[in-house]
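Participant: Numbering (this note's numbering), first residue to last: 129 to 705.
For each residue, glycine too, the CB sits at the ideal point set by N, CA and C.
#1: On a Cα-Cα basis, can you pick out the residue from 153, 154, 190 that is closest to residue 572?
#2: If we count the other Cβ atoms within 10 Å of its Cβ and call it buried at 16 or more, is residue 412 buried or exposed?
#3: For residue 239 versus residue 297, is the C-beta distance shorter than 8 Å?
#4: For residue 177, count the other beta carbons within 10 Å of its own beta carbon; 16 or more makes it buried, fewer makes it exposed. Which is it?
#5: If you draw a straight line from the C-alpha of residue 134 to the C-alpha of residue 153, how long is it?
#6: In whole angstroms, what is the alpha-carbon distance linking residue 336 and residue 599?
#7: Determine the extent of the alpha helix (DSSP H) in which residue 289 is found, giving its start and end residues.
#8: Compute the distance between the beta-carbons of residue 461 and residue 531, then report whether it is under 8 Å.
#9: Have a look at residue 170 and residue 149 and give me their C-alpha separation to the nearest angstrom.
#10: For residue 678 and residue 579, what's the separation of their Cα atoms in angstroms?
#11: Could you pull the start and end residues of the beta strand (DSSP E) that residue 678 belongs to?
#12: Short check: CB of residue 383 to CB of residue 396, under 8 Å?
#13: What whole-angstrom Cβ distance do residue 617 and residue 625 have, given they're in contact under 8 Å?
#14: What number of angstroms, rounded off, separates the C-alpha of residue 201 from the C-alpha of residue 542?
#15: Work out the CA separation of residue 621 and residue 736 for me, nearest whole Å.
#16: Report the three-state DSSP secondary structure of residue 425 (helix, strand or coil).
#17: Given residue 166, which residues of its chain have a CB within under 6 Å of its CB, disregarding the five upstream and five downstream residues?
#18: Please work out which residues of its chain come closer than 6 Å, Cβ to Cβ, to residue 500, disregarding the five sequence neighbours upstream and downstream, and give them in chain order.
#19: Could you give the first and the last residue of the continuous beta strand (DSSP E) run that contains residue 137?
#20: Count the other C-beta atoms from every protein chain shown that fall within 10 angstroms of the C-beta of residue 610, then say buried if there are 16 or more, exposed otherwise.
#21: Residue ranges of each beta strand (DSSP E) run of no fewer than 3 residues wholly in the segment 175 to 252, ordered along the chain?
#22: Which residue spans inside the segment 385 to 435 form an unbroken alpha helix (DSSP H) run of at least 4?
#23: What is the rounded straight-line gap between the Cα of residue 342 and the Cα of residue 647?
#24: Helix, strand or coil: which one does DSSP assign to residue 170?
#25: For residue 683, does the count of other Cβ atoms within 10 angstroms reach 16, so buried, or fall short, so exposed?
#26: What separation, rounded to the nearest whole angstrom, lies between the Cα atoms of residue 633 and residue 213?
#27: Are the segment 344 to 363 and the segment 463 to 477 in contact at 8 Å, needing three or more beta carbon pairs?
#28: From residue 597 to residue 358, what distance separates their C-alpha atoms?
#29: Going by other Cβ atoms of all chains shown within 10 Å of its Cβ, with 16 needed for buried, is residue 455 buried or exposed?
#30: I'd like to check one pair, residue 318 with residue 266: are the Cβ atoms closer than 8 Å?
#31: If we ignore side chains and look at the alpha-carbon of each, how far apart do residue 613 and residue 182 end up?
#32: Since residue 153 is in the beta strand (DSSP E), which residue starts that stretch and which ends it?
#33: What does residue 276 pair with, by DSSP beta-bridge criteria?
#34: Nearest by alpha-carbon distance to residue 660: which of 180, 436, 589 is it?
Printed below as a string of structure tokens:
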């Protein structure tokens with residue numbers, strides 16, 4: 129007898145094959161049958177005529193490492209059909225922690241709060257911090273999550289464990305490097321998917337210092353990469369400064385050498401596509417071309433939507449990452465306001481924001497295109513929803529000066545929504561062409577991070593809605609494959625990513641006429657009443673994880689059928705040659 133039978137669904141199986149109407153039976157957590165007119169008895173059933181049944185979506189770049197402890201449903205990703213998440217990215221993980229230094233947990237919490245925009249209160253109150261080894265961290269999640277989750281081990285944690293405070297600014301001795309490599313082996317023996325690392329200039333710890341892995345030299349990185357290559361079903365993930373704009377020659381060399389040394393795929397985040405910068409995509413895909421010749425494989429993650437960003441001059445956000453801006457935006461609020469109101473300071477900030485050194489953050493310098501969100505003073509009454517350029521024209525002001533005046537009236541609490549500059553037809557056409565590249569993969573949501581400033585988790589439903597009823601850049605079958613089988617194949621996931629008999633029953637049932645994502649809204653539902661951006665899933669009828677219903681009509685069922693996916697057992701090695 130089947131556990132559940134879905135009848136009359138339009139099955140889009142993840143392979144890219146044409147959609148077909150069929151019944152799908154689930155038994156013991158697996159897809160038991162895919163065929164028309166199934167007559168087997170089932171404990172429960174539902175009619176899915178007019179609905180699409182697809183594999184559960186796989187998000188290749190999240191930071192749910194902490195959130196899963198207080199939110200085992202990984203919301204809103206699970207609501208939007210994501211049944212498998214990859215965590216431990218960008219060099220940052222919550223484990224291992226050195227038992228001889230209890231203070232390292234506090235350092236890690238403050239680092240994660242600063243670099244990944246996680247609520248410090250939520251980190252302190254929402255996770256048990258009971259583990260020491262990476263394996264103990266994975267065990268702490270086992271059996272209590274509603275999504276499938278796999279994790280890289282972060283280079284920063286390895287360095288901190290071995291080198292303590294010297295991890296920031298120091299170089300390991302030969303013995304310390306051997307210990308780091310041994311720790312990495314231990315983590316992968318326990319199921320870590322591989323190594324993640326960052327060399328990005330935007331990544332600083334809670335003290336404002338460059339995070340630990342930024343101090344690593346190539347020899348250290350290559351030693352760790354070689355260790356990854358000794359384990360089945362492993363990967364590399366790396367962030368360098370050039371990920372945000374264009375790689376320099378040394379970064380290209382490093383990425384190629386790391387993948388080749390490991391003999392494993394390496395993915396990086398995130399490829400920004402803008403027709404106004406036509407040379408960016410070819411440059412960013414150069415490591416992929418070179419890696420194939422060197423025996424490696426480098427995959428660029430790119431988002432198929434424009435992610436809404438919530439910003440302000442009062443909280444840490446992307447504006448702080450523009451060269452020179454952090455010095456001003458890090459000041460106490462009264463002093464920050466005084467500096468921002470100084471015309472000379474504003475002129476220098478604008479010069480830095482529009483210069484070549486700002487890289488991809490140059491897109492944030494179009495202050496006339498910012499939309500005013502929530503306001504908090506009588507002086508700003510009626511401005512919510514209006515465009516700064518229009519307000520500035522009415523007041524006879526330069527847009528940045530106008531924006532500063534508005535924010536100063538709210539003591540810098542004003543919510544700002546920058547309108548994207550790359551929403552033109554030429555940029556969307558370039559995206560569609562870029563998605564054709566064999567080393568480009570959809571993803572990069574950062575779900576679980578930057579919680580009160582961006583909401584990338586709903587990219588799956590928003591993309592599908594756009595493919596079905598919007599720009600229609602790709603057909604439904606290919607769009608589903610890009611969200612399911614493609615990432616599952618990159619990570620070597622065993623029997624996931626397709627609606628195929630014998631595969632795990634990770635499934636999403638949705639209405640093709642209405643699937644979409646609601647507007648991002650600020651909610652206060654984290655531990656400590658901390659805020660985050662959330663988005664409703666529209667048109668998603670149900671989501672099953674390992675054959676168990678986890679979502680029904682955008683509401684969690686309370687079931688926790690997810691599994692911690694461990695390298696080797698749940699992933700196979702993906703060849704690079």
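Facilitator: Concretely, from the data shown:
#1: Closest in alpha carbon position to residue 572, among 153, 154, 190, is 190.
#2: A residue is called buried once 16 or more other Cβ atoms fall within 10 Å of its Cβ, and residue 412 is buried on that count.
#3: For residue 239 and residue 297, no; Cβs fall outside 8 Å.
#4: Its Cβ having fewer than 16 others within 10 Å, residue 177 is exposed.
#5: So the alpha carbons of these two residues sit roughly 6 Å apart.
#6: Computed Cα separation, rounded: 42 Å.
#7: Element bounds for residue 289: 283 to 291.
#8: No, the Cβ-Cβ distance between residue 461 and residue 531 is not below 8 Å.
#9: Their backbone Cα atoms lie some 19 Å apart in a straight line.
#10: Between residue 678 and residue 579, the C-alpha separation is close to 23 Å.
#11: For residue 678, the enclosing beta strand (DSSP E) covers residues 676 to 680.
#12: In this structure, residue 396 lies closer than 8 Å to residue 383 by Cβ.
#13: Contact annotation, residue 617 with residue 625: C-beta distance approximately 7 Å; criterion of less than 8 Å satisfied.
#14: Distance between the alpha carbons of residue 201 and residue 542 is about 31 Å.
#15: Residue 736 lies beyond the residue range present for the chain, which begins at 129 and ends at 705; the question has no answer from this structure.
#16: Under the three-state reduction of DSSP, residue 425 is assigned to strand.
#17: These residues qualify, in order along the chain: 151, 153.
#18: Hits under 6 Å: 511, 512, 514.
#19: DSSP places residue 137 in the uninterrupted beta strand (DSSP E) bounded by 130 to 139.
#20: Under this definition residue 610 is a buried residue.
#21: Here the runs fully enclosed are 180 to 183, 185 to 187, 210 to 215.
#22: With a minimum length of 4 residues, the unbroken runs of alpha helix (DSSP H) contained wholly in the segment 385 to 435 fall at 408 to 412, 414 to 422.
#23: Straight across, the Cα-Cα distance linking residue 342 with residue 647 is about 36 Å.
#24: In this structure, DSSP gives residue 170 an extended state, which the three-state scheme calls strand.
#25: Per the 10 Å Cβ criterion, exposed.
#26: Each residue's CA atom was taken as its position, placing residue 633 and residue 213 some 16 Å apart.
#27: No contact exists between the segment 344 to 363 and the segment 463 to 477.
#28: Residue 597 and residue 358 have their C-alpha atoms some 46 Å from each other.
#29: Classification of residue 455: exposed, given that the 10 Å Cβ count is below 16.
#30: One thing to note: residue 266 has its Cβ within 8 Å of the Cβ of residue 318.
#31: Computed Cα separation, rounded: 11 Å.
#32: Start and end: 148 to 155.
#33: BP columns for residue 276 point to 212.
#34: With distances taken between CA atoms, residue 660 lies nearest to 436 out of 180, 436, 589.
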